[in-house]
Amino acid sequence: MKNIFKGSLQGYLCEDCLEVISDVEVLLYLPNTRETSPTHASNNPKEAFHLVTKEEAQQREGLLLYRKRTDSNGNFEIEIDEKYIGSDFDVDFICGSVPPKHIKPRGNQQVQFHMTTISMRAELAQQAQNENARWTYIIAHKWWCYIRGYFFDAWVICGHLMNCKTNTPIANAKVTAMDADFLTDDNLGSDTTDANGHFRIDYSSADFKKTFLSPWINVETDPGFPLTFQSGPDVYFKAELGGTTLINETKDDARKNVGYCLCLKLCSEVTVGDPDETFPSAWTGIGNAFSSSFGVNSYDFDADGYAGSGKHVLFSNIRLTGQAALKSASQKPIEYRFRVSDTTAPNNVASLPESNFTKIVGIYPNLFVPSIVSKLTRKVFSFILNDIFVYSDQSDFDAEGWFDVNHAIERTLISVGLTPADLSLYNIIEEDTLITINTAALTSAPNVPNSINAGQPIPAGNKIPVEKFAIRFEIREVINKPANIFGAIGGNGKTLNSVIMNNNPIYRKLAIAELESNLCSPISGTLHAKYTVYHPHLSSCSMHLNNNSHSVERDISDGIIPLSGNTNPAVTERTNNSSQLNNPPNDMTRCTYALKLYSGTRKHTGDFGDSDGSSPLEQLFFYDI
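The sequence shown begins at 1 in UniProt numbering and counts up one residue at a time.
See below:
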């Protein structure tokens, strides 16, 4: 069987702007020393990300074994000879161009960078367990922006255009970046926003160093007196949609002397909606991370009810997000509610019947959680009560679970000593939270009993079942509530047929076999760990050994662990009754040691991941020679 090492190279432009690095050469070297630990490469200066000098490259020529160019997706595959499977590899890349225009470096000289050191055996083992697994290296934005700008004169702006009031993205708008100069402002470029309001503008220094003598003399000048010369542009923006101005900044708004990568969010006060939509009301997401729809995007739910590309499951308190108008065009109040069903269906089929949704937020015990649903900001600044946060409350629900944010606002005004009439003094900023719910009120699976020992597999009868629920959003215009007269609102009936939830802790046990007879005695010779790690939505598992002086510092790899970034629902457990920790007599010194077991789950609130398991389970022992 061929040993194919699959990898991918990417680079951050910003925290939320990532690009694949295509058409560069990836190099695999044997390391200069065999004592390096790939997991802790940052502790070794030779393993830290750095520019490789010509002298260093020449010294390592004899250690170069493989080279492969990345494809258009930044991916590469290298066949590893059997005799090098047990080797560590230094991973470098030669950058001869950068996306998206693949311009050549200054002086047309290719530059080489060292990224990290990896254990080939561990990488191939992980990829053998999951055919979709791929070693991925993402270059930090401080490095990737520097490489692009310094060596290739490639500058970039990554941003989002949002509605100021609802924080919803504005799609199909033309965004133009301008550079404020002394005489004539430079147009750096334009882009059209996508469905997420995202835009990207690529440019070079030639675009902002234009003068009336260009192209013979190019220099960046700042507007105004005294005349100054800076290295970066002073950037401001224009944006329009269908002839309507959304953003109209001037050079007075310019961001001064920006760097190679500028990342920002632009905010428009103009409400953007389809012409046939009377009410811009919708349930659109769960927290900031996930949409409330089935789809193929990294933030969508799949057919089975997993959230996002990481196949997350929901736990704890989750924010059901979107936007809902306060009143209709005829100034009638708008109410909405959320209902939950224990009956589920795949997310890629028709919505479940309304009659299945029997658990109503605000009615079902402990399901509702108070949260900020709106914000009031004074139209004219005041030192007193300039900003008022509106929290949802149980009293804002009627007997059928309909939530009225108008009631919440009036109640809040009265609570701070104002009256409902004072609302005219404020602008209303709708928070994206519609309702927050407590998933623990829905889940009921029992935890794994604590009687299962380290190294013992979890019995089938003690394994935690996957719990699914369906969520339905309903919204209406209140015309005459006592007479039960209501109007239809767009977005009513939005349903997620399957949402997986879990509130069980991860089950972990760790022991050292040689300590089981006497926990207080020093131990020697060959040592063996026993461990059991289980969760129905297991994400990761690793084990680390070190002594007090850190002269011994290594991760344990036994073919079962490590596990990292797992998204396979079938992989729920990592158990070993005899994991060898050392090879006497030369790889452990006489000292006190700590064996640490780390683990993680795919639980997520939509805003934050689960920290359960991130603090290690630890075994201390004294090793004698």
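We put the beta carbon where it would ideally sit given N, CA and C, even for glycine. Just so we're clear, the structure is a prediction, and the values are computed from it rather than from any experiment.
Just to check my reading of the structure: residue i and residue j have Cβ atoms closer than 8 Å, yes? What is that Cβ distance to the nearest angstrom?
{"i": "I139", "j": "S268", "result": "In fact, because the Cβ distance is near 33 Å, the residues do not count as touching under 8 Å."}
{"i": "A594", "j": "K509", "result": "Incorrect: roughly 17 Å between the Cβ atoms, too far for contact."}
{"i": "T344", "j": "N497", "result": "6 Å"}
{"i": "L320", "j": "I157", "result": "Going by Cβ atoms, the distance from L320 to I157 rounds to 33 Å, so no, they are not a contact pair."}
{"i": "V499", "j": "G305", "result": "5 Å"}
{"i": "T575", "j": "S551", "result": "Actually they are not in contact, since the Cβ atoms of T575 and S551 sit about 30 Å apart, beyond 8 Å."}
{"i": "N492", "j": "I506", "result": "With 8 Å as the limit, N492 and I506 do not qualify as a contact, their Cβ atoms being about 39 Å apart."}
{"i": "T433", "j": "M501", "result": "No, T433 and M501 are not in contact; Cβ-Cβ is about 18 Å, not under 8 Å."}
{"i": "Q323", "j": "T419", "result": "With a Cβ gap of about 26 Å, Q323 and T419 do not count as contacting."}
{"i": "S119", "j": "D153", "result": "That pair is no contact at about 37 Å."}
{"i": "residue 626", "j": "V340", "result": "Residue 626 lies beyond the residue range present for the chain, which begins at 1 and ends at 625; the question has no answer from this structure."}
Counting along the chain, where does the alpha helix (DSSP H) carrying residue i start and finish?
{"i": "D90", "result": "Segment 88–95 is the beta strand (DSSP E) holding D90; no alpha helix (DSSP H) there."}
{"i": "M120", "result": "120–129"}
{"i": "T70", "result": "Careful: T70 lies outside any alpha helix (DSSP H) and carries neither H nor E."}
{"i": "S205", "result": "205–208"}
{"i": "A239", "result": "Run containing A239: none in the alpha helix (DSSP H); it sits in the beta strand (DSSP E), 235–241."}
Work out the CA separation of residue j and residue i for me, nearest whole Å.
{"i": "residue 626", "j": "E354", "result": "For residue 626 there is no data in the structure shown, the boundaries of the chain being 1 and 625."}
{"i": "P38", "j": "G525", "result": "Here P38 scores only 42 on pLDDT, less than 50, and its place in the model is too uncertain to base an answer on."}
{"i": "K2", "j": "L124", "result": "11 Å"}
{"i": "T601", "j": "Q59", "result": "44 Å"}
{"i": "A513", "j": "P616", "result": "19 Å"}
{"i": "S351", "j": "T495", "result": "6 Å"}
{"i": "Y426", "j": "T412", "result": "13 Å"}
{"i": "S72", "j": "N297", "result": "19 Å"}
{"i": "E335", "j": "F403", "result": "5 Å"}
{"i": "Y260", "j": "N547", "result": "43 Å"}
{"i": "Y146", "j": "G159", "result": "19 Å"}
{"i": "S392", "j": "S374", "result": "9 Å"}
{"i": "F5", "j": "G487", "result": "60 Å"}
{"i": "W216", "j": "K209", "result": "Caution applies to W216, whose pLDDT of 42 falls short of 50 and renders its modelled position unreliable; the value that the coordinates give is listed next. Those two C-alpha atoms are separated by around 11 Å."}
{"i": "K468", "j": "I247", "result": "43 Å"}
{"i": "G287", "j": "I318", "result": "7 Å"}
{"i": "residue 629", "j": "T245", "result": "No answer is possible for residue 629: the residues shown for the chain start at 1 and end at 625."}
{"i": "R337", "j": "I21", "result": "45 Å"}
{"i": "L515", "j": "S557", "result": "21 Å"}
{"i": "I66", "j": "Q580", "result": "It should be noted that the sequence gives Tyr, not Ile, for residue 66. Straight-line Cα distance between these residues: approximately 32 Å."}
{"i": "D252", "j": "I201", "result": "21 Å"}
{"i": "residue 626", "j": "R106", "result": "The question about residue 626 has no answer here: the residues shown for the chain are numbered 1 through 625."}
{"i": "L442", "j": "N462", "result": "20 Å"}
{"i": "D274", "j": "I80", "result": "Summary for D274: the model assigns pLDDT 37, below 50, so the residue's position carries little reliability; its value from the coordinates is reported in the next sentence. So the two alpha carbons sit approximately 55 Å from each other."}
{"i": "A254", "j": "W143", "result": "25 Å"}
{"i": "S564", "j": "Q10", "result": "18 Å"}
{"i": "T116", "j": "W135", "result": "12 Å"}
{"i": "T250", "j": "L183", "result": "14 Å"}
Go ahead and label residue i buried or exposed: buried means 16 or more other beta carbons lie within 10 angstroms of its beta carbon, across all protein chains shown.
{"i": "S542", "result": "buried"}
{"i": "N568", "result": "exposed"}
{"i": "R69", "result": "exposed"}
{"i": "P457", "result": "exposed"}
{"i": "I435", "result": "buried"}
{"i": "P584", "result": "exposed"}
{"i": "V380", "result": "exposed"}
{"i": "N503", "result": "buried"}
{"i": "P233", "result": "buried"}
{"i": "H537", "result": "buried"}
{"i": "D276", "result": "Per-residue confidence for D276 stands at a pLDDT of 32, beneath the threshold of 50, marking its modelled position as unreliable; no derived number is given."}
{"i": "V416", "result": "exposed"}
{"i": "Q619", "result": "buried"}
State the start and end residues of the unbroken beta strand (DSSP E) segment that holds residue i.
{"i": "R411", "result": "It is not in any beta strand (DSSP E) - R411 instead sits in the alpha helix (DSSP H) that spans 405–415."}
{"i": "S268", "result": "261–268"}
{"i": "A488", "result": "485–488"}
{"i": "S298", "result": "Taken as a continuous stretch (DSSP letters only), S298 belongs to no beta strand (DSSP E), as it is neither H nor E."}
{"i": "Q619", "result": "617–623"}
{"i": "K6", "result": "4–14"}
{"i": "E354", "result": "E354 -> no beta strand (DSSP E), and no H or E assigned at all."}
{"i": "A57", "result": "Careful: A57 lies outside any beta strand (DSSP E), inside the alpha helix (DSSP H) at 54–59."}
{"i": "K104", "result": "Counting along the chain, K104 falls outside any beta strand (DSSP E), and DSSP gives it neither H nor E."}
{"i": "T572", "result": "First-last for T572: undefined, no H or E at that position."}
{"i": "E19", "result": "17–20"}
{"i": "I286", "result": "282–286"}
{"i": "Y593", "result": "591–601"}
Every unbroken beta strand (DSSP E) within the segment 496–558, with a cutoff of 3 residues, ordered by chain = 507–512, 528–534, 538–547, 553–556, all fully within the segment 496–558.
Can you list, in chain order, the stretches of the beta strand (DSSP E) that have 3 or more residues and sit fully within the segment 310–346?
-> Entirely contained in the segment 310–346, the beta strand (DSSP E) runs reaching 3 residues are, in chain order, 317–323, 334–341.
Those runs of the alpha helix (DSSP H) which lie wholly inside the segment 133–185 and span at least 4 residues | Unbroken alpha helix (DSSP H) runs of no fewer than 4 residues, entirely contained in the segment 133–185, are found at 141–146, following chain order.
Any chance you could list the alpha helix (DSSP H) runs of at least 4 consecutive residues sitting entirely within the segment 366–404, in chain order?
-> List check, alpha helix (DSSP H) in window: nothing returned.
Counting only runs of 3+ residues fully inside the segment 426–482, write out the beta strand (DSSP E) ranges in chain order.
-> Along the segment 426–482, the beta strand (DSSP E) occurs as fully enclosed runs of 3 or more residues at 426–430, 433–438, 467–480, listed in sequence order.
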